[in-house]
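A.B. asks: Residue 2329 in the numbering used here sits at position 986 of the sequence shown; the count goes up by one each step and never skips.
The beta-carbon is built from N, C-alpha and C at its ideal position, and this holds for glycine as well.
Since this is a predicted model, take the numbers as computed values, not measurements.
Take a look at this one; I'll ask things after.
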Amino acid sequence: FIMAADSDEIHERLIEYFMPRLRNLIVVQQVLDFLDFIEPDQKERIRQRNISRGNLAAADALITAVTQKPHQAGWFRAFVDALEQSGCGHAADYIQNKIPEPEVEAENDYCIRLIQLLSPSLVDMKTSAVCVQCLSQDLITEDDSENIEAATRNQGAKAGARELLGRIVRGRPGWFSKFLDILLKTEHKNLYSELTGGSPDCNKQDRQIKYLYEGPPAEQPSSVEVVQPDSDERLSLGQLHGSPDLSPAETEQMSQSLTETLSLTPGNLCKPSVLVGSKSQSGRHLRILGCSSSQPNGTRAGDEESEDIDLWDYQMEVARPALEGENIIICLPTGRGKTRVAVYVAKKHLESRKAKGKIGKVVVLVNQIPLVEQHYATEFLPFLKHTYKVERVSGDSQLKISFTDTVRKNDVIICTAQILENYLERSRTGEDEGVNLSDLSLIVIDECHHTQKGGVYNQIMVRYLMQKHKNIKLRKEQKPTAPLPQILGLTASPGVGSATKMAKAVEHILRICANLDASRIMTLPPGELKRDSKKDVIPVEDRKQDPFGNVIKKLMNTIHNHAHLRPNSDLGSQTYEQWVVQMEREAALAGDHKVRACAEHLRQYNEGLGLSNTFRMWDALNFLSKYHEEEMKKKTAPDEEHVIQITDTERFLFNLFKEYKEELQTLANNPEYENKSLSKLKTKVLQEFSTRLDARGIIFTKTRRGAIALTQWIRENSKFADMDVKPAYVIGGGDQSVVKPMTAAEQKDVLNKFRNGEVNLLIATSVAEEGLDIPKCNFVIRYGHVANEISMIQTEGRGRAEDSSYTVVDVKNSGVAEKETVNEYRKNMMDKAIEKIGALKHADYDKQIQEFQMQAIMEYMLRMKAKKQEDIKNENPSNVKFSCRSCSQEVCTGRDIEIMANIHRVNVTPQFRELFILKENTKLKNSLLDYETNGYIACGKCGQKWGSMMHFRGIQCPCLHVKHFVVTINGKKISKCQQWMDLPVRLSEFDYAEHCLFKYSY
């Protein structure tokens, strides 16, 4: 048993370890509302600190208060719950040791900026529909949903949209791809196109990116023994693929090695729930259906189609309980054929149901749109289409018929989980024809480790668990019960959640088993099937001299002095960025335009320091130059009739950069001052290409800008060319001001080139991290970015070739070396926890599972109850006043703003039209049903953007974005108003007919 004191010490260390990240993620005012064990007077002191010194300083005080001794019983759990309930779930993840991958963190930052940039268009969404989807996808909490609904109800859909966007960007990494899926599902294809940089017609290409490299579950070695059912003749995979590159001796040696590595003895189970494989004397795979096949794992995309499903011994063994009708989790390492096993189970399930005269209905759930097409085209369709009807449904492949009809007319349906959840909810509410769990006979859940509190997988499974326990009651009462589908979960790693002790790791995995109602988790002992890659963490020494960075810091300190600012953290750090953001917000509220403008520029310089520390000085300089160019454009009037004011502070800031730009250019040209991380990376890449006959690798980096910068750096370095390094980058879609998005067609082209050898080094963001099966990739490098143990396992799995290597290159302030060590520890803890679960007695296992299931049901019911509580907003719109965030010019009152199409907040009064100027922006042009946006509206006095100009059914409607204004209610300024739903006021609906009659009557 874990003593309470030991547990407290571990929790304290975790909080201390992730302190820098927590300070950036915690929103103090919100968290305080949910913390009961902190005394009221101490709460007030923290609130005052927040007002006087900012959120970061207040976060320090809050964490100190939380961790101070003596601890109250349950203090840590209460802190985690407070973070979750206040919308700071990402912070809760860190102190529970659920660390996101570094590339994911960086990509997340860019996605946030993208949403902010395109918010003028995004607020035109159908807020209510998108809100429901976001809640189901765990992008927002129940409380968030209530707030969004209240804002939509009281202030209009546009206010709700702003609130929604503000909530999702604070969520856990991965929200962006789900949001894209939601936009398509809710018929916002143009918004999707704007975010991804492609037309709706490109969506199918986007789905097929991962499909291009989808082959067998694992890249099988060049030779392994295959025994045909009617012959004792031996064939090697090298012969089957027509690649006799190995000598007979090498082939035999490799075959023997693989026999030891890939063979298992069937039936060797560890009670009650873990498969413990041992080496068998035979290296043969099982031949299912007795037909010939070119590979042990069946055909791959593009090969001759076949009904055969060939499983290795270990695959057949882990599938055995599912074939007997049990709910199980299959946990196999990346690339070891989990999906192929699922196809086989689905086939046998349908055959069994048919033999019994019953209807079989299989639904395969995935959490990303691209996986829908991948599973459909490369796995389920090729093997099942000859006998069964297979269809796929996702946000960008929605059929003209309803999902209900799709389920009714097909045997196997591959879809995103959110679609099934939507139709389960429709069936519950009776608002439309939906789908019931009783309509299904087997549900396959891909990446089932996401079946946790708040996730869409878990929402589906809570419905399942509630019906399961209802059935138990009905059976006792001898009443009819509702049939429930069999559940099959697939994962490469369940992780350990926030665990720092073995008991908590076991609990985390048991909770996943409980949520999936799994009777056992089927896996293999550590190392039995794993093809270990060489792992290396390369530390990097700090620069001895950094004159480029010193100049940027000099610029920043000059701005500090100009604005009388005193930062409380190191320049270039994330904590500094949080402080600057807080300063900008407070200055806007106070009408201090000097501090507000300085804070905005300081934020950009801080990012420039980060770029210089991670990439080249030129990359940082180009970024800063681009920013100042864009800011200068804002100060340019669209015509001679308007004059935009440039304040003395703005002129000072522009001239300051201009004064030092030449010096920065000179320093950026001196390679002596470049950071050491790039030098270490160059050495590692050249080593891989010089020691391998056919080197092919992937470098994962944090940001899109970083991927492009690394590619340019490699192309410009002659030493890489001498080693025949042919680089290309792969990044996600989405329009950004300084980063050109990558279309689906461009991604597809690069990946094709990587597959055929035209490109042998991919520089990628997290877009290439999961799902791609690239067999010839033989080295993977993480450049300055590491996340949790689950992501680490998945990234290591990208290297599929024999003798592959996995390297982490440290970067200043990244802490990747420490994170990698923590991940290894957590990975080993996970393996041991699974073994302990396997050693449990059936009765003990079942008891714990039942307890966790009842907890899950109770938590769900409490959340549903809280969701029904209405937040009524009765503030008079006339008491709400808006002023320009930049120059404090009074703009309008809430009475002037109307809600259009249940989404947009528009001001169509003649007085308002005199206050703004219209700036055309071709990038913004976006047709959305019966309206479109094609320009920005900006303050006619200072050039501050206020929103977008929308054309709605033939009329021009200035659409306001509340974050660009300072809002006061009854003379009191609202401290944080990023979304319309933050305002406690109900706005009037826009009357299109009345407006047209009033304006055009004669």
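Nearest-angstrom Cα distance between E1973 and L1996?
C.D. replies: For the purposes of this step, residue 1973 is taken as the residue at position 630 of the sequence shown. For the purposes of this step, residue 1996 is taken as the residue at position 653 of the sequence shown. About 14 Å.
A.B. asks: Given a threshold of 16 other Cβ atoms within 10 Å of its Cβ, counted over all protein chains shown, does D2189 qualify as buried or as exposed?
C.D. replies: On the sequence shown, residue 2189 is found 846 positions in, with the first residue counted as 1. By the neighbour-count rule (16 or more Cβ atoms within 10 Å), D2189 is not buried but exposed.
A.B. asks: Which runs of the alpha helix (DSSP H), 4 residues or longer, sit entirely within the stretch 1444-1489?
C.D. replies: Here the runs fully enclosed are 1445-1460, 1462-1465, 1470-1479.
A.B. asks: In chain order, what residues of the same chain lie with their CB nearer than 7 Å to the CB of I2106, ignoring the 5 residues before and after it?
C.D. replies: By 1-based counting over the sequence shown, the position of residue 2106 is 763. For I2106, where only same-chain residues beyond five positions count, the Cβ hits under 7 Å are I2042, T2044, A2050, L2053, T2054, P2070, Y2072.
A.B. asks: If we count the other Cβ atoms within 10 Å of its Cβ and call it buried at 16 or more, is C1477 buried or exposed?
C.D. replies: Taking the first residue of the sequence shown as position 1, residue 1477 is located at position 134. Buried, since its Cβ has 16 or more Cβ neighbours within 10 Å.
A.B. asks: Throw me the rounded Cβ distance for the V1750 and I1756 pair, which I believe falls under 8 Å.
C.D. replies: For the purposes of this step, residue 1750 is taken as the residue at position 407 of the sequence shown. For the purposes of this step, residue 1756 is taken as the residue at position 413 of the sequence shown. Correct: roughly 6 Å between the Cβ atoms.
A.B. asks: Measure the C-alpha to C-alpha separation of L1811 and L1827 and round it to an integer number of angstroms.
C.D. replies: Position 468 of the sequence shown holds residue 1811. Position 484 of the sequence shown holds residue 1827. According to the sequence as given, residue 1811 is Lys; it is not Leu. Each residue's Cα considered, the two are about 7 Å apart.
A.B. asks: Take M1899 as the anchor and find which of I1672, R1946, L1666, G2237 has the nearest alpha-carbon.
C.D. replies: Here residue 1899 refers to the residue found at position 556 of the sequence shown. It is R1946.
A.B. asks: Which one of N2313, I1762, V1707 has the shortest CA to CA distance from V1475?
C.D. replies: Reading the sequence shown from its first residue, position 132 is the one you call residue 1475. It is I1762.
A.B. asks: Quick check: M1804 and M2172, are their CB atoms within less than 9 Å of each other?
C.D. replies: Within the sequence shown, numbered from 1, the residue matching residue 1804 stands at position 461. Within the sequence shown, numbered from 1, the residue matching residue 2172 stands at position 829. It is not a contact, given that the beta carbons lie outside the stated cut-off.
A.B. asks: Going by DSSP, which residues form a beta bridge with P1828?
C.D. replies: In the sequence shown, counting from the first residue as 1, residue 1828 sits at position 485. Beta-bridge pairing links P1828 to no other residue.
A.B. asks: What does a CB cutoff of less than 6 Å around I1369 pick up in its chain, not counting 5 residues either side in sequence?
C.D. replies: Here residue 1369 refers to the residue found at position 26 when the sequence shown is read from its first residue. Contacts found: A1402, C1431, A1434.
A.B. asks: Between the alpha carbons of P1615 and N1451, how many angstroms are there, rounded?
C.D. replies: Numbered from its first residue, the sequence shown carries residue 1615 at position 272. Numbered from its first residue, the sequence shown carries residue 1451 at position 108. Note that P1615 scores 33 on pLDDT, short of 50, meaning its location in the model is unreliable; the coordinates nonetheless yield the value given after this. So the two alpha carbons sit approximately 40 Å from each other.
A.B. asks: Looking at C-beta atoms only, is the number of pairs between the stretch 1780-1787 and the stretch 1816-1835 that lie closer than 8 Å three or more?
C.D. replies: Touching, yes.
A.B. asks: Could you pull the DSSP bridge partners for Q2299 from this structure?
C.D. replies: Along the sequence shown, one-based indexing puts residue 2299 at 956. The partner list for Q2299 (beta bridge, DSSP) reads H2294.
A.B. asks: With three or more beta-carbon pairs closer than 8 Å as the criterion, would you say the stretch 2304-2311 touches the stretch 2222-2242?
C.D. replies: In short, these stretches touch, since the Cβ pair count reaches three.
A.B. asks: Apart from the five residues on each side of it in sequence, which residues of its chain come closer than 6 Å, Cβ to Cβ, to F2063?
C.D. replies: By 1-based counting over the sequence shown, the position of residue 2063 is 720. Excluding positions up to five away in sequence, the list reads I2057.
A.B. asks: Helix, strand or coil for R1392? Go by DSSP, reduced to three states.
C.D. replies: Here residue 1392 refers to the residue found at position 49 of the sequence shown. Three-state result, R1392: helix.
A.B. asks: Under the DSSP definition of a beta bridge, which residues are partnered with Q2070?
C.D. replies: Stepping through the sequence shown from its first residue, residue 2070 is reached at position 727. Residue identity differs from the one stated: residue 2070 is Pro in this sequence, not Gln. DSSP, once it has assigned bridges, lists L2104 as partnering P2070.
A.B. asks: Are there three or more Cβ pairs, one per stretch, closer than 8 Å when the stretch 2007-2027 is compared with the stretch 1903-1921?
C.D. replies: Contact fails: fewer than three Cβ-Cβ distances are below 8 Å.
A.B. asks: For E1593, which of helix, strand or coil comes out of DSSP?
C.D. replies: By 1-based counting over the sequence shown, the position of residue 1593 is 250. The pLDDT assigned to E1593 is 40, lower than 50, so where the model puts this residue is not dependable, and the model offers no usable value.
A.B. asks: Quick one: using the 10 Å Cβ neighbour count with 16 as the cut-off for buried, is L1357 buried or exposed?
C.D. replies: The residue labelled residue 1357 in the question sits at position 14 within the sequence shown. L1357 is buried by the Cβ-count criterion.
A.B. asks: When you compare the CB positions of R1806 and L1767, do they come within less than 9 Å of one another, or not?
C.D. replies: Taking the sequence shown and counting its residues from 1, one reaches residue 1806 at position 463. Taking the sequence shown and counting its residues from 1, one reaches residue 1767 at position 424. Cβ atoms of R1806 and L1767: closer than 9 Å.
A.B. asks: How long is the line joining the alpha carbons of S2147 and I1815, rounded to whole angstroms?
C.D. replies: Stepping through the sequence shown from its first residue, residue 2147 is reached at position 804. Stepping through the sequence shown from its first residue, residue 1815 is reached at position 472. Computed Cα separation, rounded: 51 Å.
A.B. asks: Just how far apart, CA to CA, sit G1773 and N1765?
C.D. replies: As a working mapping, residue 1773 is identified with position 430 in the sequence shown. As a working mapping, residue 1765 is identified with position 422 in the sequence shown. The alpha-carbon atoms of G1773 and N1765 are separated by roughly 12 Å.
A.B. asks: Using only the alpha-carbon positions, how far apart do K1704 and E2101 sit?
C.D. replies: Translated into the one-based positions of the sequence shown, residue 1704 becomes position 361. Translated into the one-based positions of the sequence shown, residue 2101 becomes position 758. Between K1704 and E2101, the C-alpha separation is close to 43 Å.
A.B. asks: What are the boundary residues of the beta strand (DSSP E) that includes R2125?
C.D. replies: Along the sequence shown, one-based indexing puts residue 2125 at 782. That run of the beta strand (DSSP E) goes 2122-2126.
A.B. asks: Mapping the DSSP letters down to three states, classify C1431 as helix, strand or coil.
C.D. replies: Counting from one through the sequence shown, the residue named residue 1431 turns up at place 88. Coil.
A.B. asks: Report yes or no: do the stretch 2240-2254 and the stretch 1464-1472 share at least 3 C-beta pairs separated by less than 8 Å?
C.D. replies: Yes, the stretch 2240-2254 is in contact with the stretch 1464-1472.
A.B. asks: Just to confirm, is the Cβ distance from G2347 to F2259 under 9 Å?
C.D. replies: Beyond the ends of the chain as shown, which are 1344 and 2345, falls residue 2347; an answer cannot be given.
A.B. asks: Under a three-way DSSP split, which group does G2286 fall into?
C.D. replies: Numbered from 1 along the sequence shown, position 943 holds the residue referred to as residue 2286. In the structure shown, G2286 sits in coil (DSSP, three-state: anything other than H, G, I, E or B).
A.B. asks: Considering only residues of the same chain and omitting the five flanking positions on each side of Y2016, which have a CB-CB separation below 8 Å?
C.D. replies: In the sequence shown, residue 2016 corresponds to position 673, counting from 1. Excluding sequence neighbours, Y2016 sits near R1886, Q1888, D1889, P1890, F1891, M1960, L2010.
A.B. asks: According to DSSP, is D1879 helix, strand or coil?
C.D. replies: Here residue 1879 corresponds to residue number 536 of the sequence shown, with the count starting at 1. The answer is strand: DSSP assigns D1879 an E or B state.
A.B. asks: Taking just the CA atoms, how far does H1905 sit from P1363?
C.D. replies: Residue numbering aside, residue 1363 sits at position 20 when the sequence shown is read from its first letter. Residue numbering aside, residue 1905 sits at position 562 when the sequence shown is read from its first letter. Near 28 Å, if we compare the C-alpha coordinates of H1905 and P1363.
A.B. asks: With 16 other CB atoms within 10 Å as the buried threshold, where does H2128 fall?
C.D. replies: As a working mapping, residue 2128 is identified with position 785 in the sequence shown. With 16 or more Cβ atoms within 10 Å of its Cβ, H2128 is classed as buried.
A.B. asks: Which partner residues of I1306 appear in the DSSP bridge assignment?
C.D. replies: No answer is possible for residue 1306: the residues shown for the chain start at 1344 and end at 2345.
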